[in-house]
Structures are given as C-alpha cells and as structure tokens.
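See structure below.
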Amino acid sequence: MIEGFWIYVQGLLQNNQIFSGGLLLMVGGAVLAYFRQLPSQLYHFIRRQFITEIDILDRDQAFEWLEKWLAQHSYSKKRARSLTVKTEAIDYEERRDNPMLDARPRILFSPAPGVHWLFFRRRLVCLHRERPKLKEATTQVANVRECFNVTIFSRDRKLAHQLLEEAREVALPKTDVRLTVHRASHNYWNEQMKRLPRPVESVVLAEGVMEDLIADAKTFLGRREWYCERGIPYRRGYLLNGPPGTGKSSAVVAIASALGMDIAMLSLGDSNMEDSGISELFSSIPVNSIVLMEDIDCAFIDRKEADDKRSKVTFSGLLNAIDGVAAGEGRLLFATTNHIERLDPALIRPGRIDRKMFIGYATQEQAARLFQRFFPTADGSWAREFADRVPLDCVTMSTLQTHLLMYSEDPQLAVDKLVDLLCSQPLVGRVWNENSKGSNWVSSSLIHHKLA
1 MIEGFWIYVQ GLLQNNQIFS GGLLLMVGGA VLAYFRQLPS QLYHFIRRQF ITEIDILDRD
61 QAFEWLEKWL AQHSYSKKRA RSLTVKTEAI DYEERRDNPM LDARPRILFS PAPGVHWLFF
121 RRRLVCLHRE RPKLKEATTQ VANVRECFNV TIFSRDRKLA HQLLEEAREV ALPKTDVRLT
181 VHRASHNYWN EQMKRLPRPV ESVVLAEGVM EDLIADAKTF LGRREWYCER GIPYRRGYLL
241 NGPPGTGKSS AVVAIASALG MDIAMLSLGD SNMEDSGISE LFSSIPVNSI VLMEDIDCAF
301 IDRKEADDKR SKVTFSGLLN AIDGVAAGEG RLLFATTNHI ERLDPALIRP GRIDRKMFIG
361 YATQEQAARL FQRFFPTADG SWAREFADRV PLDCVTMSTL QTHLLMYSED PQLAVDKLVD
421 LLCSQPLVGR VWNENSKGSN WVSSSLIHHK LA
C-alpha cells in the first residue's frame with residue numbers, strides 16, 4: 001500500500017509541472033532558511049557551552065558590591081579610559097589613625113556605561129554596563145536605572161559565584177558587624193546607610209520592657225510553622241507610644257541589633273508614595289529586616305489626612321498594605337507615635353498591632369541605671385543621689401543622657417549640675433521656682449503631686 005502511495009506521488013510530480021515546481025520551491029526555501037539560521041544557532045550553541053553570563057540590576061545589593069569591586073580592580077586603576085566617578089568619605093577612624101591623611105572625600109573610578117574587557121582568575125571577562133538615556137528611561141524595567149551584564153569565558157559556573165563572593169567581601173567584610181538601614185524610595189527599598197549595632201543595655205527603658213519586647217520578637221520569629229499550621233498570617237506588629245525623646249526609635253535599633261536584623265524605614269510623608277507603592281513595599285520587605293514607621297500619627301488623624309501630609313497614601317491603602325492579601329509574611333513591624341489618642345482604632349487593632357507598649361518619662365530607677373552606665377566605677381551613692389533628684393513624669397531619658405554626656409568625666413559634677421538642667425526645662429522649672437527653698441532640690445514626690 002505504501003509503494004502504491006509513492007507511485008501516485010511520483011506520477012503527480014512527473015505529470016503536473018505546477019505541483020512539482022511549487023513543491024520544489026517550498027522544499028528549497030525551507031532548506032535555505034535552515035542553513036541561513038545555522039550560523040546563528042551554532043553561535044548560540046557555542047555560547048551556551050563555553051560562556052557563563054550573569055545580569056545584575058541596580059536594585060539588587062550585588063550591583064553595589066560589583067561596583068566597589070571594580071573600583072579596586074587593576075582595570076579601573078590602570079587601563080580603563082571610560083570611567084564613572086564615585087566619591088567615598090573618609091571616616092573618623094581613618095583620620096584618627098593617620099593624622100596626615102587627606103580628609104577630603106576619596107575619588108574612586110569604576111567602568112562607565114559601555115563594554116569593558118578584563119581578567120578574573122586568568123579568565124577573560126566582558127563587562128557591559130548599561131545606563132538608559134533619558135528618552136529611553138520610560139521603556140526600561142520598572143525601578144531599574146542601571147545594570148551590569150557580565151560574560152565570563154568559561155563554562156564553569158563556580159567562577160561567577162566566586163566573582164560575586166569576592167565582590168561581596170570587598171563591600172561587606174566579615175569583620176563588618178554593622179546593620180543595614182534601608183529606606184523606601186520610589187516604591188522600592190534602597191540601602192541608605194550602614195550603622196553600628198546598638199547594645200541593648202545602652203537603651204535604658206523601664207525595667208523589663210526591653211527584655212519583654214526582645215523575647216516576644218524571638219518567640220514570633222521561631223514559630224513560622226506554628227502560624228502556618230493554624231492558618232494565621234505570619235506577621236507581628238508593635239506600637240511604641242509616649243512623649244518625644246523617651247527612647248522609642250532607639251529601642252527599635254537596639255532590638256534589631258539584638259536579633260541580628262536590619263531596619264527598613266518607611267515614611268508616610270514621602271510625596272512620591274501612593275497606595276500601589278506602599279503595597280509593593282510591604283510585599284517586598286528586605287530579607288531579615290524590621291519595618292520601622294516613625295510618627296505614624298502624623299499621617300492620618302481620624303481617618304483623614306493630616307494637614308502637613310504630602311503623600312498620596314490613603315487610610316484604606318495603608319490598612320491593606322499592612323495586613324491585606326498581598327502583605328508580606330514573616331514581618332516584624334514597629335510603629336512609633338507621640339499621640340496614641342490620634343490613631344484610628346482600625347489602624348491599631350489586633351492583627352495589625354499586636355503589642356502596644358508605653359515608653360514614658362524617666363523613672364528614678366532608669367535614672368540610676370543610666371548614671372551607672374556612664375560611671376560604672378563611681379560610688380553607688382552618687383547614682384542614688386542623682387536618681388533622687390529626678391522628678392517623676394517630667395524629664396525624658398534623652399535629656400538625662402545629654403546632661404551626662406556633658407559631664408561624662410566627672411560624676412560628682414554631673415550630680416551637682418543636674419539642678420541647672422532641670423530648671424531649664426519649662427515644666428520642671430516652674431515647679432522648682434514654686435517649691436524650692438535654698439539650694440536643695442524639691443523631692444520627686446512633691447513635684448509629682450504638684451504636676452498632677
């Protein structure tokens with residue numbers, strides 16, 4: 001039967017010139033097209049077999065690592081002729097260790113946009129740095145302004161990993177224990193700075209408050225599976241409220257340091273912020289980061305925008321971002337406010353804010369601990385005298401800390417000069433003038449009674 005089919009096809013080709021000619025053209029065109037694409041296919045086959053390529057977008061931390069690595073590479077220092085200028089400030093430690101060092105910002109060069117050829121571990125590397133022009137910026141991927149395309153002439157993928165590890169070591173040495181502070185900008189997170197961790201004991205809150213917050217956060221971070229098994233959103237929110245200068249933001253830095261986490265700062269006053277942007281930010285929080293929203297009461301009052309609010313974030317948009325369908329999982333959120341009474345109950349209900357902690361004025365117990373931290377070898381009687389002179393519900397811890405910094409070399413003078421500090425405080429000074437007799441400070445109980 002098959003032989004009969006082929007005899008029929010041969011008859012058509014022999015007796016029908018149109019059919020035979022069309023078939024010949026079709027087959028010939030297909031063969032020609034195939035061979036025309038063959039060089040391109042062969043080229044891509046060779047690339048896949050002998051070349052490793054990586055793309056790094058500027059919104060990723062690796063972009064900054066690679067830029068710093070390139071700045072210290074011999075190619076940038078000696079051979080490159082197309083360069084981008086980057087400046088680096090000289091920190092105090094460098095100037096202290098080398099007094100003759102030029103204190104002006106250090107000038108660094110890295111490869112400019114374009115194609116660059118260099119070597120890494122005896123392998124040829126082609127670096128293509130792309131930076132869109134102003135007219136092309138609107139067609140680029142969202143949030144991307146620059147990118148590196150790195151081509152390593154080796155099929156060994158380990159070289160790409162080793163290159164990025166070396167770049168990371170240059171930018172972030174293992175000896176660097178600083179925590180990263182991210183800030184929201186144009187709907188995505190930017191690394192703003194590195195800062196030294198803050199010891200927990202350096203933030204003197206009421207006894208047990210700091211320990212309670214850290215223990216609660218550690219418990220939450222260790223219960224991911226517990227939350228998943230019960231179908232509970234794996235998120236936790238804290239609200240620290242109290243007068244300005246009582247240590248709310250400092251406490252968050254100390255908690256992040258104790259947990260080994262970074263901080264992602266979100267300001268609702270950003271004029272570029274809108275509902276879609278804040279939702280995207282909450283769904284893409286940097287890994288291992290605590291979200292900090294300071295002075296949340298300034299954004300909304302009774303579900304209405306505050307007078308000085310500049311962003312386009314609505315109240316409902318903020319609520320959906322915090323615990324909506326697209327909200328991120330495994331998130332620790334800390335919000336601070338000086339006026340909890342201004343906050344709408346819907347914003348601080350359980351599920352959005354799980355713990356509310358009041359951070360108030362300095363107590364005598366806090367004042368004594370703060371004094372002992374500044375003067376660990378001083379006589380204990382000075383700490384008690386210092387604490388006895390601090391009135392209740394009047395003085396912030398930041399005020400006492402500033403005072404102790406001023407007299408950090410002389411504990412006796414720090415005690416004696418406390419009266420001058422307190423009299424300069426409007427609320428405390430009034431009570432002093434009304435009740436003081438002679439040079440002795442009026443008792444804290446009398447101050448508290450009078451202010452009540």
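If you read the sequence shown in the numbering used here, its first letter stands for residue 1, the second for the next number, and so on.
Even for Gly, the Cβ is constructed at its ideal location relative to N, Cα and C.
All figures in this text were calculated on a predicted structure; none of them were measured in a lab.
Query: Through-space distance from residue 233 to residue 448, alpha-carbon basis; Result: Summary for residue 448: the model assigns pLDDT 40, below 50, so the residue's position carries little reliability; its value from the coordinates is reported in the next sentence. Answer to the nearest angstrom: the Cα atoms are 44 Å apart.
Query: Same chain, Cβ closer than 7 Å to residue 277, neighbours up to 5 away in sequence not counted; Result: 187
Query: Delimiting residues of the beta strand (DSSP E) encompassing residue 262; Result: 262-265
Query: The stretch 381-398 contacting the stretch 341-352, beta-carbon criterion three pairs below 8 Å; Result: no
Query: Cβ-Cβ distance between residue 511 and residue 203 below 7 Å; Result: Outside the modelled stretch of the chain, which goes from 1 to 452, sits residue 511, for which no answer is possible.
Query: Environment of residue 228 [buried if 16+ CB atoms lie within 10 Å]; Result: exposed
Query: Residue 314 - DSSP class collapsed to helix/strand/coil; Result: coil
Query: Residues sharing a beta bridge with residue 87, DSSP; Result: 107
Query: Minimum C-alpha distance to residue 201 - residue among 243, 376, 406; Result: 376
Query: Continuous beta strand (DSSP E) stretch holding residue 55: start and end; Result: 52-57
Query: Contact between the stretch 48-63 and the stretch 97-110 (3+ Cβ pairs under 8 Å); Result: no
Query: Cβ-based burial, residue 412 [other Cβ within 10 Å; buried from 16]; Result: exposed
Query: Inter-stretch contact at 8 Å, needing at least 3 Cβ pairs: the stretch 204-215 / the stretch 274-293; Result: no
Query: Length of the line joining the Cα atoms of residue 183 and residue 79; Result: 36 Å
Query: Rounded C-alpha distance that separates residue 360 from residue 244; Result: 9 Å
Query: Residues near residue 328 by beta carbon distance below 6 Å, same chain, minus five either side; Result: 282, 283, 285
Query: Residue environment, residue 402, which counts as buried when at least 16 other CB atoms sit within 10 Å; Result: exposed
Query: Short Cβ contact (7 Å threshold) for residue 179 with residue 275; Result: no
Query: Three CB pairs or more closer than 8 Å across the stretch 365-372 and the stretch 329-340; Result: no
Query: Whole-angstrom distance between residue 116 and residue 86, CA atom to CA atom; Result: 18 Å
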